[in-house]
Structure formats: C-alpha cells, structure tokens
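S.K.: For the protein sequence lines, the chains are B and U, in the order given.
In terms of my numbering, the first sequence is numbered consecutively and its last residue is 494.
In terms of my numbering, the second sequence is numbered consecutively and its last residue is 75.
We put the CB at the ideal spot given by N, CA and C, even for glycine.
Keep in mind that this is a model prediction, so the values were computed, not measured.
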Amino acid sequence: MNEAVVQNPAAAGSSSWKQWLGIAFLVYLLLVAVGMIGSGFKLAAGPQAKELFEFASNPITALVIGVLATALIQSSSTVTSIIVGLVAGGMPVEIAIPMVMGANIGTTVTNTIVSLGMVRQGDDFKRAFAAATIHDFFNVLSVIIFLPLEVMFGVLEKMGAYLATLLVGGESMSVKGFNFIKPLVKPPLNLLKETFHGIGLSDLIVGVALIVLGITFIFFVITAIGKILKVIMVGKAKDILHNAVGRGPISGITSGTLITVLVQSSSTTTSLIVPLAGSGVFNLRQVYPFTLGANIGTTITALLAATAITGVNAIFALQIALIHFLYNLIGVLVIYTIPPLRDIPIRAAELLSTLAQRNKLYVAGYMLLVFVIIPLILIGTSELLF
Amino acid sequence: MSDIQTHKQALEAKIGELETKLAGLKAELQKEVETEQHDAIDQLDFHYSDLDSTFSSLKEFLDVLREDFRKTFS
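Spelled out as structure tokens, the structure:
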C-alpha cells in the first residue's frame, strides 16, 4: 500500500487535501452542534435552565454522570463538548466541574477494553493491563485530591473565571468583536430555528429538538473526526513518538499531549500505548507520561467547542473549557512531581495487573467496582452529605 | 610506597576500568532498547486496527473469564 502511495504522490496529496477539507467541515459541524445545545436550552427552558440541572447539584452525582456518560460513549471529547453546550444553555459551572472530572475517569474504559484483547497472552496481558489501568488510577487519584478541594474552596472555578475574563474581557466573546466563529455558526442555527418554527412547533419543542440534534451531531462528528485523523495522523504520531524515545518523562508528556491534539482523542493515544507496553518494549514508567499527556491534549476539543458559543453564557462555556484544561494540567503537575503521589498509580496498576494475570475475576470485579458499584455507593452516601 | 598503597591504587584503577566498562555496557543496552522501541513504533499502523476491535476484545475476555469462574467456583 505504501508503495502505491509512493508511486502516485499526486493522488496521495489530493486525497490528503480532501481529508483535511473534510476535517474542516466536521469541525464546523461540531461548532454548530455545540451552538445547537446552547440555543436549545435557551429556547426550551429560558431563565429556568438552571433549575433543570438541580438534579446534578450534588457534586458526586455530577461526577458519576460524567463517568458513566463517557464510559458509555467512550469519548471524553464528546462528553466535554456536550458539557460546554449545556453550560452555554444555562447549566451552572459548579455542576459542570465534577462532570468534567468524571469524564476523565470514564474515558479510561476504552484502553482497558483494548488491553483485554490480549487476555490470553500471559505476561503481555499483564503489562498491557497495567499500562491501561495506570490511566484509571491516575484519574481516580486526581479526583480524590481535587474534587474535595473544589467543593470546599472552588479553586478551579475561580481560576477558570479569572482566565476566561482575561481572555474575553468579562463580556460575551462576541462583544469583543474577535469572535469570527459567530457569523459562521449563527446562520445554520437560525435556519434550523426558523424551519422548526415555520412548521408550527412551540419554543419548547424546537429547543428540545435542537438539544437532541446537537448531542447526536457531536457524537457522530467527533467519531468521524477521530476516524479520519487516525488515518492521516499516524505518520505524524510515529514521528512524535520516535522523537520522545530516550528523552525522559517531560518529553513523554509533551508527546502524549501532541498526539492527542492531532488525533483529537485521548483514548486513541492511551490505547496505542497499550500494545507497545504489552510487548514489553516500553515499561510502565515509560508509558505513564504519555497517558498523562493524553489527559492534557484532550482538553483542546472543549476549548474549540467553547469558541462556538455566543451571548451572555459564552464566558461560562469558555470558563468550563479552561477549567477542563487547568484541572488536567494541574493534576499532572501535582501528582507527577510529588514522588509518593506519582508512585500510587504505578503500584496500584502493578498490583491489579498481577492479580488480573492470576484470575480474570479480578478484572471483572475491578470494572464492576469502578464503573458500577462505587458510583452507586457514592450517589447513595453523598445524598446524606450534600 | 607500601604494599598496601600499591594494592589500593591497583584496586582503584581496576574499579575505574570496570566503571568505564559498565557505563559503556549501559549505553550499549540503552541503545539496543531504544532501537527496539523505534522498531515497535514503526509497527504502530498494525495496532490501529486493535482500536476498533472492542467487541472481539470483550468476547475474548468473557470466554477466559468464564473459564476462570469455573476453575474458581467448581
């Protein structure tokens, strides 16, 4: 196949050009879809939108919603983009923060499933499973540290608000006149609204239809972007990984970030690392920084989605996107630079993978515990706390 | 110069020599590890298909899980 590409570079160039055009169109659709959710909530709920999200005002409930939604959809980019849309529609930022934290945990299920494909391969499975679950343990540890701090002091919320104000001057992004996205996104949104209203639908029904369409669009668009980018970015991803070999953890984190930005999917980056670790060529300490970089790189999608939002809630949409970025960046800085904290995910992943190699019931137990039993217990007990 | 001092100097020279040799071997090993890692990265295309095999991964796992369940509880 490579030979064919070499023999016909003009055809390859044309194909790549078409793929990039496709990506640009899909990104545009993503922005429209995020705008649809925001507009939908404004139409359907108006000023009462905040009350709609009361059910998730308990941070543990919001966290669990983030975990489960991402585990089911298997894409944190999709979930965080939807969260940006919900914030634009009136969901309070303090409810969105635990959801974003939960999305980090939920996305880890993908690479764990990839590692299960090596279940009959003895030591390879042990190494692959450890490389997959180190991401889980890091993200769980990060939530254990930062969620209580956030509930008590609202540090991330304040930092996000400060940065968002700094970037857009405390008013809606459109007011500043720098937002070139608005004139691009508004026409299809208005067209949709006018079409729905034209057939005699009420504001409530139009709003709900926009929300449903927006969520569906985001899901399909991000899946399509991921599939195309996987194909066109494989060469670039290889170059980045080649450059990181033998250069230490900072280079590993940077590479993980860059690859995730390029493929727009943290689970693609972390899943690619799994077979490399499984073969024993990369050890657990070497793959660890790549997975952390994936956490940082994945925040680009929500930041991009936030640029689609206009109006009074635009600043809050940008705030939650920035919080997503800050949370992941600070998480890496704090946990990875403090050796006792840094070692917790490594030891936990090593222990679990040793048990998993002995008996696969440990794997099933672990997945049930993290994605079903603990969330249910947390929701139950948190109702007493909050 | 006493015999002890001569012996000490000889040992120090030997340690220095071994340390240089050890550093050389470590560098050689590191180079081999890195070559192996570069080769594995070159094979990355083959792993891309694994990302779309969620269902077969889970099916494979459930088969093994069933076997382990039987072994543990029978």
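Counting only C-beta atoms, is ALA506/B closer than 7 Å to chain U at any point?
M.R.: Here chain B covers residues 109 to 494 and nothing more, so residue 506/B does not appear.
S.K.: Report all residues from its chain with a CB closer than 6 Å to the CB of MET341/B; omit the five preceding and five following residues, and keep chain order.
M.R.: Answer for MET341/B: LEU370, VAL371, listed in chain order.
S.K.: Could you work out which residues of chain B lie near SER57/U, taking near to mean beta carbons separated by less than 8 Å?
M.R.: Within chain B, the residues near SER57/U are GLY225.
S.K.: Per DSSP, what kind of secondary structure is MET226/B in: helix, strand or coil?
M.R.: Three-state result, MET226/B: coil.
S.K.: Compare the C-alpha of LEU437/B against each of ILE358/B, PHE149/B, GLU159/B and name the closest.
M.R.: For the residues ILE358/B, PHE149/B, GLU159/B, the minimum Cα distance to LEU437/B belongs to ILE358/B.
S.K.: Can you find the residues in the same chain that come closer than 6 Å, C-beta to C-beta, to ILE417/B, ignoring five residues on each side of it along the sequence?
M.R.: So the list reads GLY146, ALA196, ALA425, once near-sequence residues are dropped.
S.K.: For chain U, find out if any of its Cβ atoms is closer than 7 Å to the Cβ of ASN467/B; answer yes or no.
M.R.: With 7 Å as the cut-off, ASN467/B counts as an interface residue toward chain U.
S.K.: From LEU384/B, LEU151/B, VAL259/B, LEU194/B, pick the residue whose C-alpha is nearest to that of LEU309/B; which is it?
M.R.: Ranking the options by Cα distance to LEU309/B, first place goes to LEU151/B.
S.K.: Can you pull out the residues from the region 344–355 of chain B whose beta carbon lies closer than 8 Å to at least one beta carbon of chain U?
M.R.: Under the 8 Å Cβ criterion, the region 344–355 of chain B contributes ALA345, LYS346, LEU349, HIS350, VAL353, GLY354.
S.K.: Flag this pair as touching only if the region 234–246 of chain B and the region 452–461 of chain B have three or more C-beta atom pairs under 8 Å; answer yes or no.
M.R.: Yes: at least three Cβ pairs fall under 8 Å.
S.K.: Roughly how many angstroms lie between the CA atoms of MET207/B and LEU257/B, to the nearest whole one?
M.R.: C-alpha separation (whole angstroms): 15 Å.
S.K.: Put LEU309/B into one of helix, strand or coil per three-state DSSP.
M.R.: Three-state DSSP puts LEU309/B in coil, outside helix and strand.
S.K.: Helix, strand or coil: how does DSSP classify LYS495/B here?
M.R.: In this structure chain B extends from 109 to 494, so residue 495/B is not present and cannot be described.
S.K.: Is there a C-beta anywhere in chain U that falls below 7 Å from the one on GLU111/B?
M.R.: Confidence in GLU111/B is poor, its pLDDT being 42 and thus under 50, which makes the residue's placement too unreliable to answer from.
S.K.: Suppose the cutoff is 6 Å on Cβ atoms and the five residues either side in sequence are ignored; what does the same chain contact list for PHE245/B look like?
M.R.: So the list reads PRO453, ALA456, ALA457, once near-sequence residues are dropped.
S.K.: For a cutoff of 7 Å on Cβ pairs, would you count GLU61/U as touching chain B?
M.R.: Interface residue, yes.
S.K.: Could you give the residue range of the alpha helix (DSSP H) that holds PHE433/B?
M.R.: Counting along the chain, the alpha helix (DSSP H) containing PHE433/B begins and ends at 422–445.
S.K.: Do you know offhand how far VAL251/B's Cα is from VAL172/B's?
M.R.: Answer to the nearest angstrom: the Cα atoms are 11 Å apart.
S.K.: Look at the alpha carbon of SER184/B and the alpha carbon of MET226/B, and state the distance between them as a whole number of angstroms.
M.R.: The straight-line gap from Cα to Cα measures roughly 24 Å.
S.K.: If PRO397/B and GLY360/B are in contact, beta carbons under 8 Å, what's the gap, nearest whole angstrom?
M.R.: Yes, PRO397/B and GLY360/B are in contact; Cβ-Cβ is about 3 Å, under 8 Å.
S.K.: Of all the residues that make up the region 308–339 of chain B, which are near chain U by a beta-carbon distance shorter than 7 Å?
M.R.: From the region 308–339 of chain B, only LYS338 have a Cβ closer than 7 Å to chain U.
S.K.: Quick check on the DSSP output: what are the complete alpha helix (DSSP H) runs of length 4 or more inside the region 145–225 of chain B, in order along the chain?
M.R.: Segments of the alpha helix (DSSP H) lying fully in the region 145–225 of chain B: 157–160, 167–181, 184–196, 201–214, 216–224.
S.K.: How close, in whole Å, do the beta carbons of ILE428/B and GLY262/B come, if the pair is a contact with beta carbons under 8 Å?
M.R.: Incorrect: roughly 13 Å between the Cβ atoms, too far for contact.
S.K.: Start and end of the alpha helix (DSSP H) containing LYS468/B?
M.R.: Element bounds for LYS468/B: n/a, residue is neither H nor E.
S.K.: Quick one: what does DSSP say ALA416/B is sitting in, helix, strand or coil?
M.R.: In the structure shown, ALA416/B sits in coil (DSSP, three-state: anything other than H, G, I, E or B).
S.K.: Since SER363/B contacts GLY401/B with CB under 8 Å, what's their CB separation in whole angstroms?
M.R.: That belief holds up - the Cβ atoms of SER363/B and GLY401/B are roughly 6 Å apart, short of 8 Å.
S.K.: Which ranges would you report for the alpha helix (DSSP H) in the region 340–415 of chain B if only whole runs of at least 4 residues count?
M.R.: Listed in chain order, the complete alpha helix (DSSP H) runs (minimum 4 residues) inside the region 340–415 of chain B are 357–371, 374–386, 392–405, 407–414.
S.K.: Does LEU45/U get closer than 7 Å to chain B when you measure Cβ to Cβ?
M.R.: Yes - at least one Cβ of chain B is within 7 Å of the one on LEU45/U.
S.K.: Taking Cβ positions only, does ALA132/B come closer than 7 Å to chain U?
M.R.: With 7 Å as the cut-off, ALA132/B does not count as an interface residue toward chain U.
S.K.: Got a sec: which bits of the region 375–387 of chain B sit with their beta carbon under 7 Å from any beta carbon on chain U, in order along the chain?
M.R.: Correct list: THR376, SER379, LEU380, PRO383, LEU384, SER387.
S.K.: Taking 6 Å as the cut-off, does the CB of GLY488/B come closer than this to any heavy atom belonging to the ligand ATP?
M.R.: Within the structure as shown, the ligand ATP is missing, as the structure has no ligands at all.
S.K.: Measuring straight from C-alpha to C-alpha, what distance separates PHE149/B and GLY315/B?
M.R.: Between PHE149/B and GLY315/B, the C-alpha separation is close to 6 Å.
S.K.: Cα separation between ASP232/B and GLN465/B?
M.R.: Answer to the nearest angstrom: the Cα atoms are 10 Å apart.
S.K.: Under a Cβ-count criterion, where at least 16 other Cβ atoms within 10 Å of its own Cβ denotes burial, should VAL293/B be classed as buried or exposed?
M.R.: So VAL293/B ends up on the buried side.
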